[in-house]
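In the UniProt record's numbering, the protein residues as written are 1 to 332.
Cβ coordinates follow ideal geometry from the N, Cα and C atoms, glycine included.
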């Protein structure tokens, strides 16, 4: 893949992130959205006309790619349609329990947390419902969030996705500050909730250095057995699990060289349609342990290597990987 061809196929991406609802029908362990009290500060706007006006103004600002999330965006599909009316490209992050209308042409990322362990992580056993909803749907991409407890389920998840003719990629569980405080201060922690049910200092979701080889072998095995199903990039994987820190942190533990940091152009809007004053689109996440796929890819791609170097060729291949994940019509 050369730069000219990649530029022609992807174009210029000017993206922003939008939380379009604070409603959700699941209670996932370690949920980033409901971690802390930040989400309680924002009053959700409801009138359909306001969402149309909002996304129209975003398109006029130059935004041509919308990341739609929140709690669960499939519960407010009129807002997704409002976004698509003005912003041509986008990606929706959903749990898959409610199918997004076939008229919507954004890429759809469906989270999956494991096979037999899914109910413990998410409060409900919903894999088959999500897989049935999106079987053979060209918009769909299943994203398995790998954690310390579900590594041995990677192959089974790949098999399920292959049987339902949907692609699969991987993200790494990245804890919130509240999650870390909870498991490290169990005696004083009185915040046990629907989102923090079973994790302790001895048994939790946090990926350790010892897990790296297990994860690498499990993904490689899944890719070998289901090559038409797995969508992954090993150069990105090697960077993600580098023994060196991915980020430089300031005195408050905030990453200063993260590609997902908010800027005057790259914005994150809350359900109130107001700009977030957080560090990124996931303000509750602990920067030192962040390996979530979307911000990690953004960071990798914003660190442009020297042109004509081997690293630049690798960088182009990771851009191609990003496009396969996030652009619905890419490759068609």
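- Item | Counterpart residues of residue 17 in DSSP-defined beta bridges | Position 17 of the chain shown, counted from the first residue, corresponds to residue 17. BP columns for residue 17 point to 67, 268.
- Message: Closer than 8 Å is the cut-off here; do at least three beta carbon pairs connect the stretch 18-30 with the stretch 57-73?
- Response: Counting Cβ pairs under 8 Å, three or more are found: they touch.
- Using 8 Å as the Cβ pair cut-off and three pairs as the minimum, do the stretch 169-189 and the stretch 289-297 touch? yes
- Message: I need the straight-line Cα distance from residue 196 to residue 1, nearest angstrom please.
- Response: In the chain shown, counting from the first residue as 1, residue 196 sits at position 196. In the chain shown, counting from the first residue as 1, residue 1 sits at position 1. Answer to the nearest angstrom: the Cα atoms are 44 Å apart.
- Item | Delimiting residues of the alpha helix (DSSP H) encompassing residue 237 | Position 237 of the chain shown, counting from 1, holds the residue named residue 237. 234-240 is the extent of the alpha helix (DSSP H) around residue 237.
- Message: Based on DSSP bridge pairs, tell me the residues matched to residue 142.
- Response: As a working note, residue 142 is residue 142 in the chain shown. Paired residue(s): 110, 168.
- Item | Bounding residues of the alpha helix (DSSP H) (the contiguous stretch that carries residue 80) | Numbered from 1 along the chain shown, position 80 holds the residue referred to as residue 80. Residue 80 -> alpha helix (DSSP H) spans 77-86.
- Task: Could you give the DSSP three-state label for residue 201: helix, strand or coil?
- Result: Here the question's residue 201 lines up with position 201 in the chain shown. Correct three-state label for residue 201: coil.
- Spatial distance of residue 260 from residue 276 (CA atoms): Taking the chain shown and counting its residues from 1, the one referred to as residue 260 is at position 260. Taking the chain shown and counting its residues from 1, the one referred to as residue 276 is at position 276. Using only the alpha carbons, I get a separation of about 13 Å.
- Message: Please state the DSSP three-state secondary structure of residue 176.
- Response: One-based indexing of the chain shown puts residue 176 at position 176. Here residue 176 sits in strand by DSSP.
- Task: Thinking residue 32 and residue 282 are a contact (beta carbons under 8 Å), I'd like their distance in whole angstroms, please.
- Result: Position 32 of the chain shown holds residue 32. Position 282 of the chain shown holds residue 282. The Cβ separation is near 5 Å, so the contact holds.
- Outcome for residue 182 when other beta-carbon atoms lying within 10 angstroms are tallied against a minimum of 16: Counting from one through the chain shown, the residue named residue 182 turns up at place 182. Buried, by the Cβ-count rule.
- Would you tell me roughly how many angstroms separate the C-alpha atoms of residue 86 and residue 61, rounded to the nearest one? Counted from its first residue, the chain shown places residue 86 at position 86. Counted from its first residue, the chain shown places residue 61 at position 61. Distance between the alpha carbons of residue 86 and residue 61: 11 Å.
- Message: Taking its Cβ as the centre, do 16 or more other Cβ atoms sit within 10 Å of residue 179, making it buried, or is it exposed?
- Response: Position 179 of the chain shown holds residue 179. Residue 179 should be labelled buried.
- Item | For residue 89, the first and last residue of its enclosing beta strand (DSSP E) | Reading the chain shown from its first residue, position 89 is the one you call residue 89. Residue 89 -> beta strand (DSSP E) spans 89-94.
- Quick one: grab the DSSP three-state call for residue 207. Working through the chain shown from its first residue, we reach residue 207 at position 207. In the displayed model, residue 207 falls within coil according to three-state DSSP, outside both helix and strand.
- Query: By a C-beta neighbour count over all protein chains shown, 10 Å radius and 16 as the cutoff for buried, is residue 295 buried or exposed?
  - Reply: On the chain shown, residue 295 is found 295 positions in, with the first residue counted as 1. Burial call: buried.
- Measuring alpha carbon to alpha carbon, tell me which of 224, 321, 209 ends up nearest residue 244. By one-based count along the chain shown, residue 244 stands at place 244. The shortest Cα separation from residue 244 among 224, 321, 209 belongs to 209.
- Task: Answer yes if the stretch 43-62 comes into contact with the stretch 92-100, meaning at least three C-beta pairs across the two stretches below 8 Å, and no otherwise.
- Result: no
- Message: Among the candidates 127, 102, 150, whose CA atom is the shortest distance from the CA of residue 328?
- Response: Numbered from its first residue, the chain shown carries residue 328 at position 328. Nearest option by C-alpha distance: 102.
- Status (buried if at least 16 other CB within 10 Å, exposed otherwise) for residue 325: If you number the chain shown from 1, residue 325 lands on position 325. Classification of residue 325: buried, given that the 10 Å Cβ count is 16 or more.
- Task: Determine contact between the stretch 133-151 and the stretch 197-216, defined as no fewer than three beta-carbon pairs at a distance below 8 Å.
- Result: yes
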